[in-house]
Ligand code: F6R
C-alpha cells in the first residue's frame with residue numbers, strides 16, 4: 090500500500106527520500122512523488138509509474154533542499170496519474186501533504202471547500218486535507234501544529250500524514266490514526282516513515298506513533314503530542330533486525346528468499362515456546378487455566394492469513410473437539426456476528442495493519458471478547474490493540490505473496506491446538522509427547538524439501554502455459570489447496586480454483602477437459618480412498634494430475650502422472666510442509682511466464698483500506 094518518508098537534516102533531502110521510498114517499494118504502488126523546501130518555497134515533483142520515472146524527473150530538475158516529504162501511492166480515490174500522486178499542495182502552495190489511509194468524509198469537505206473558492210487539481214481525498222489545513226491555518230493564530238490538530242479532528246477515516254509548511258521550514262509535522270507511522274531518530278537529523286525499513290539504513294532508534302498522536306520533527310529534536318496538544322513522553326523503540334534481513338541477500342527475488350527462509354523462521358516460531366517438553370504459550374495469555382475455559386474459538390483474517398486460520402480450525406476441532414467459527418474479516422464485521430465474552434477470538438495478520446482484520450478485532454473487543462492476535466510485526470496496530478499477541482517471529486516479509494508468514498501462522502495454530510487438546514484432556518500425555526516429537530522435526534523436514542527444487546522447477550516449466558489449474562483435496566488438504574491456489578494466481582496470473590475434492594462433481598468438473606492440470610493434495614490418510622476416486626473422475630476426463638504427497642508413498646504414482654514429494658510426517662502437520670512445493674511451483678510458473686513475483690500487478694503488501 091502507500092508509503093511515506095520524510096527527512097530533515099543536513100543532507101540533500103531527495104537522496105534520503107528516494108532511498109527510503111525504494112525500501113518501501115515492496116508495499117506496492119503505482120506513482121510516487123516528493124516535496125522539498127527550497128529557496129523559500131515548496132517544490133513538488135511527482136510521476137506516475139515506478140520510482141525510476143520519478144528519478145528521471147528529478148535528474149532533469151534536481152532539488153537541493155534539506156527538508157522534504159516523499160510518497161509512493163497505491164490508487165484509491167482517482168486513477169494512478171501525476172496529478173493524483175502525492176505530495177499534494179494547498180491552494181497557495183505553502184503546505185504540502187503526504188497521506189496514507191482514506192478520508193471517508195472527503196466528499197462533503199471537498200464541496201464545502203469548493204464553495205469557499207478552493208480549486209482542486211486532483212481527484213484525491215488527500216488534496217481535501219491540504220486545502221482544509223490551509224483554510225484552518227489561515228483562520229488560526231499562526232500555530233501550525235494546532236492547525237494540523239484542528240484539521241485532523243474534522244476527518245473521518247484513517248490517516249498517517251506528513252506535512253511540510255513553507256512558513257515553518259524547520260520542521261515536518263506528522264499525525265496518525267488507524268494507519269502506521271514512525272519517527273526515526275538520527276544524529277542532527279530526523280525522519281518520518283510509514284514503515285521501519287525506510288529508515289533502517291540511517292537509524293535503528295524510532296518512535297512508534299500511537300493512535301491520535303502527532304509529532305513535530307525538527308533536525309535536532311522531536312516533540313510528540315496527543316490530541317489535546319499535551320507533550321507525550323515516549324520510549325524509544327530499538328529495532329533489532331538488520332537491514333540485511335530486509336534485503337534480498339543473494340536471491341533473485343524476495344519471495345524466493347522468504348521461501349528458503351522458512352526453516353529458520355519455523356525454528357524461531359517454535360523454539361521460544363517449548364519448555365521442558367511442553368508448549369508454553371503464557372506470553373500470549375494462553376495459560377492452562379485460560380485454555381481450560383475455552384468453549385468456542387472464533388478466527389478471522391484476510392487472504393493467506395485466513396487460509397492459515399482454515400488449517401487452524403480443522404486442527405482445533407479435530408484435536409480438541411472445541412467448535413471453531415471462521416470467516417474472512419471483510420464479511421465477518423458486517424454480518425453482525427454472534428460473539429460471547431467466553432469465546433477465544435483470534436485474528437491473524439502478517440502485517441498487523443490489515444484494515445478489515447483490525448476492524449473485526451475492534452468489533453470483537455466492543456462485544457467484550459478477549460482478542461488474541463497471531464501477527465508478525467511488533468508494534469503493529471493489531472499487535473497493540475489485541476489483548477494478547479502470539480508473534481510468528483518470521484522476520485520481515487517483503488514479497489507481496491506471503492510464504493513464511495503462512496507457515497509460521499500455521500505453526501502457531503498447531504501449538505495452540507495441541508496445548509488446548511492436552512489441557513482439555515482430549516489427548517493423553519503420551520500422544521501429546523508423540524506429537525511434540527514429530528512437531529519439532531518440521532523445520533528440518535522443510536529444509537529437506539528445499540535441498541533440491543529442480544524437480545519442481547521442471548514441473549513449472551512443463552505447466553506454466555496452462556490457462557486454468559485446479560487444486561483438490563479433502564480435510565486439511567482442502568484448507569491447504571486454498572492457499573496453494575491463491576499463491577499461484579496472485580503471482581503467475583494463471584486462473585486457478587481450489588475445490589474440496591468431493592465437491593468437484595457438483596459443477597466444477599464441467600471445466601475439466603483433456604490436458605487440464607489438476608493438483609491433488611494427498612496427505613490425509615483417512616480420506617485418501619475417497620480422494621483417489623475424485624482423482625480418477627478427472628483422469629477419465631483427460632486431466633493431467635500432479636500429486637503432492639509423502640515421499641515414501643507409492644500410491645500417487647499408480648494413479649497420477651506427476652508428483653511433488655514431501656517428507657513423511659503426521660497428517661495433522663502436513664499442511665506446513667506441503668505448502669512449500671506449492672509456493673515453489675507458483676514462483677517458478679511466474680518466472681517462466683516472465684513476471685516479477687515480488688511485484689504482482691494490482692496487489693499491495695499491506696492492505697490498509699477496506
Ligand atoms: C497473499 C497475501 C494476502 C494477505 C492478506 C492479509 O499472498 O499475502 O492475501 O495474506 O492481504 O494480510 P495480513 O496477513 O498482513 O493481514
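In the working numbering, the protein residues as written are 90 to 699.
Quick reminder that beta carbons are idealized off the backbone N, C-alpha and C, glycines included.
These numbers come from a predicted model, not from an experiment.
Since residue 534 and residue 656 should fall inside the 8 Å C-beta cutoff, what is the C-beta to C-beta distance between them, to a whole number of angstroms? That pair is a contact at about 4 Å.
Around the C-beta of residue 175, are 16 or more other C-beta atoms found within 10 angstroms, so that it is buried, or is it exposed? Answer is buried; the Cβ neighbour count reaches 16.
Anyone know if the C-beta pair for residue 272 and residue 285 falls short of 8 Å? For the 8 Å CB-CB criterion, residue 272 and residue 285 do not form a contact.
Give the DSSP-derived three-state secondary structure of residue 464 in the structure shown. Residue 464: strand per DSSP, three-state reduction.
Three-state secondary structure (DSSP) of residue 401: In the structure shown, residue 401 sits in a helix (DSSP, three-state: H, G or I).
Any non-hydrogen atom of ligand 1 closer than 7 Å to residue 392 Cβ: Yes, the beta carbon of residue 392 sits closer than 7 Å to at least one heavy atom of ligand 1.
Return yes when at least one heavy atom of ligand 1 lies under 7 Å from the C-beta of residue 535, else no. Because no heavy atom of ligand 1 lies under 7 Å away, the Cβ of residue 535 does not count as near it: no.
Can you tell me where the beta strand (DSSP E) with residue 132 in it begins and where it stops? Note, residue 132: beta strand (DSSP E), 130-137.
DSSP state of residue 439 mapped onto helix, strand, coil: Residue state, collapsed to three classes: coil.
First through last residue of the beta strand (DSSP E) which encompasses residue 694: Going by DSSP, residue 694 is part of no beta strand (DSSP E) at all; its letter is neither H nor E.
Which residues in the same chain have their Cβ closer than 6 Å to the Cβ of residue 469, if we skip the five residues on either side of it in sequence? Around residue 469: 441, 442.
Curious, which full-length alpha helix (DSSP H) runs of at least 4 residues does the segment 530-607 contain? Counting whole runs of 4 or more residues, the segment 530-607 contains the alpha helix (DSSP H) stretches 531-540, 543-552, 565-581.
Taking 8 Å as the cut-off, decide whether the C-beta atoms of residue 133 and residue 178 are in contact. Taking 8 Å as the cut-off, the beta carbon of residue 133 is found closer than this to the beta carbon of residue 178.
Cutting at 6 Å between CB atoms, please list the residues of its own chain near residue 152, excluding the five before and the five after it. Hits under 6 Å: 103, 125, 127, 132.
What are the boundary residues of the beta strand (DSSP E) that includes residue 161? If you look at residue 161, you'll find it in the beta strand (DSSP E) that goes 156-162.
Residue span of the beta strand (DSSP E) that contains residue 120, given as start and end: Secondary structure note for residue 120: its beta strand (DSSP E) is the uninterrupted segment 120-127.
Using beta-carbon positions only, say whether residue 184 and residue 222 come within less than 8 Å of one another. Contact flag set, yes.
If we count the other Cβ atoms within 10 Å of its Cβ and call it buried at 16 or more, is residue 602 buried or exposed? With fewer than 16 other Cβ atoms within 10 Å, it is exposed.
Could you compute how far the alpha carbon of residue 383 sits from the alpha carbon of residue 259? Their Cα atoms are separated by approximately 55 Å.
Please tell me whether, using a cut-off of 7 Å, the distance from the CB of residue 351 to the nearest non-hydrogen atom of ligand 1 is below it. Checking every heavy atom of ligand 1 against the Cβ of residue 351, none is found closer than 7 Å.
Taking only heavy atoms of ligand 1 into account, decide whether any of them is closer than 7 Å to the Cβ of residue 575. Yes; taking the cut-off as 7 Å, the Cβ of residue 575 has a heavy atom of ligand 1 nearer than that.
Just to confirm, does residue 399 get its C-beta within under 7 Å of one of the non-hydrogen atoms of ligand 1? Remark: the shortest separation between the CB of residue 399 and any heavy atom of ligand 1 does not fall under 7 Å.
Of the residues 607, 618, 642, which one's Cα is nearest the Cα of residue 629? Minimum Cα distance to residue 629 is reached at 607.
DSSP-derived helix/strand/coil call for residue 220: Here DSSP, grouped into helix, strand and coil, assigns residue 220 to helix.
Does DSSP classify residue 240 as helix, strand or coil? In the structure shown, residue 240 falls within a helical segment according to DSSP collapsed to helix, strand and coil.
Based on the DSSP output, what are the partners of residue 349 in its beta bridges? Beta bridge pairing from DSSP links residue 349 with no other residue.
From 306, 344, 487, 598, residue whose alpha carbon lies closest to that of residue 677: Shortest Cα-Cα distance from residue 677 to any of 306, 344, 487, 598 involves 344.
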